[in-house]
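As you go down the protein sequences, you meet chains A and B in turn. For the first sequence, our numbering gives the first residue as 1, with consecutive numbering after it. For the second sequence, our numbering gives the first residue as 1001, with consecutive numbering after it. C-beta atoms are modelled at their ideal positions from N, C-alpha and C, and glycine is treated no differently. Notes follow the structure.
Protein chains: 2
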Amino acid sequence: MDVDIPKIGQAVRGSSSGKPIMVLFDLLGRSWALGIIWSLSDGPLTFRALQDKCGDISPSVLNRRIKELRASRVLDHEKSGYYLTDTGRELFSLLSPLGHWAIKWGEELQKET
Amino acid sequence: MDVDIPKIGQAVRGSSSGKPIMVLFDLLGRSWALGIIWSLSDGPLTFRALQDKCGDISPSVLNRRIKELRASRVLDHEKSGYYLTDTGRELFSLLSPLGHWAIKWGEELQKET
DNA sequence: AAGTGCGCTACTAATATGATAGCAAATTAT
DNA sequence: ATAATTTGCTATCATATTAGTAGCGCACTT
């Protein structure tokens, strides 16, 4: 199996600039990547628990995302399961305001209909 | 052409919960979605200017992302081009710290090799 | 020794993205 | 008024990613 990890300074899906923010967006802009980070924010989870928490992610995709996020030092693995590294928790802390925002956004969207 | 917009309360790619954050992640976790929001943060851009700024996004994908983001009230279109709505600028303001973080993250990653 | 949970891999089908060509309508220039 | 250019796309097809399902090898428990 081959996993192609987005790397700083290298071209990423469609963007040849290699700018860190674009590399990050390539990493996060893959299916389930954000959801996985979100799911791990409460504490470590085993592969299968993570699979359940995400809903219905297939093991092949989960495994790919794990490899990418692990290579990017966002998460790691130990006895108790997969967990967010310091880097990962830092990233989560930047993303977490989206939770509240998403709720407001959802309410606004519903109104319009 | 058919575009399938993630909607609050509905199942999204792989997740049946319909939780706002998961719907948002589905929206943002599609190729170029984050990059498009980022690119528009400096001001309005025409379709083609946006295409250029993103690097090499194909018109078919750009058009799909635009429809999705527009239906989600993140961006809109007027004479001067596509622009972030108030909602979109709010979202951007939550994402913008990622720019600085990505640079630090990139430096850390480089060190290790 | 048999069962259970874990971290996967293999395989195939469905869907999304990438790449290129080009068109109709609006705008700008001659 | 006419021609050129720009804009916002659509169409088509190739390629890549994701989804869905089955099941294996290992470690640990019973």
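(1) Could you tell me the alpha carbon to alpha carbon distance between Gln1110(B) and Val23(A), rounded to whole angstroms?
(2) Tell me whether the beta-carbon of Ser1102(B) lies closer than 8 Å to the beta-carbon of Ile21(A).
(3) Taking the alpha carbon of Lys1053(B) as the point to measure from, which residue in Gly1106(B), Pro1097(B), Ile1036(B) has its own alpha carbon closest?
(4) Rounded to a whole number of angstroms, what is the C-alpha to C-alpha distance between Ala33(A) and Leu75(A)?
(5) Is the shortest distance between the beta-carbon of Ser72(A) and the beta-carbons of chain B less than 8 Å?
(6) Could you check if Gln51(A) is buried or exposed, using at least 16 other CB atoms within 10 Å of its CB as the buried criterion?
(7) According to DSSP, is Asp42(A) part of a helix, a strand, or is it coil?
(8) Any beta carbon from chain B within less than 8 Å of Gly88(A)'s own beta carbon?
(9) Helix, strand or coil: which one does DSSP assign to Gly1029(B)?
(10) Taking 8 Å as the CB-CB cut-off, is Arg1013(B) touching chain A?
(11) What ranges does the beta strand (DSSP E) occupy inside the stretch 1057-1112 of chain B, keeping only unbroken runs of at least 3 residues that lie completely in it?
(12) Is the CB-CB distance between Leu1028(B) and Gly29(A) below 8 Å?
Taking the coordinates as given:
(1) The sequence position of residue 1110(B) within the second sequence is 110, counting from 1. The sequence position of residue 23(A) within the first sequence is 23, counting from 1. So the two alpha carbons sit approximately 13 Å from each other.
(2) Counted from its first residue, the second sequence places residue 1102(B) at position 102. Counted from its first residue, the first sequence places residue 21(A) at position 21. Here the sequence assigns Ala to residue 1102(B), which means Ser is not the residue at that position. Their beta carbons are under 8 Å apart, which means Ala1102(B) touches Ile21(A) by this criterion.
(3) Residue mapping note: residue 1053(B) aligns to position 53 of the second sequence, counting from 1. With distances taken between Cα atoms, Lys1053(B) lies closest to Ile1036(B).
(4) Working through the first sequence from its first residue, we reach residue 33(A) at position 33. Working through the first sequence from its first residue, we reach residue 75(A) at position 75. If I take the Cα positions, the gap works out to 11 Å.
(5) Here residue 72(A) refers to the residue found at position 72 of the first sequence. By this cut-off, Ser72(A) is an interface position.
(6) Numbered from its first residue, the first sequence carries residue 51(A) at position 51. With 16 or more other Cβ atoms within 10 Å, it is buried.
(7) Locating residue 42(A) in the first sequence gives position 42, where the first residue counts as 1. Residue state, collapsed to three classes: helix.
(8) Taking the first sequence and counting its residues from 1, the one referred to as residue 88(A) is at position 88. It does not: the Cβ of Gly88(A) has no partner Cβ on chain B nearer than 8 Å.
(9) Within the second sequence, numbered from 1, the residue matching residue 1029(B) stands at position 29. If DSSP states are grouped into helix, strand and coil, Gly1029(B) belongs with coil.
(10) Working through the second sequence from its first residue, we reach residue 1013(B) at position 13. Taking Cβ atoms only, chain A reaches closer than 8 Å to Arg1013(B), which makes this a yes.
(11) 1075-1078, 1081-1084
(12) Taking the first residue of the second sequence as position 1, residue 1028(B) is located at position 28. Taking the first residue of the first sequence as position 1, residue 29(A) is located at position 29. Cβ atoms of Leu1028(B) and Gly29(A): closer than 8 Å.
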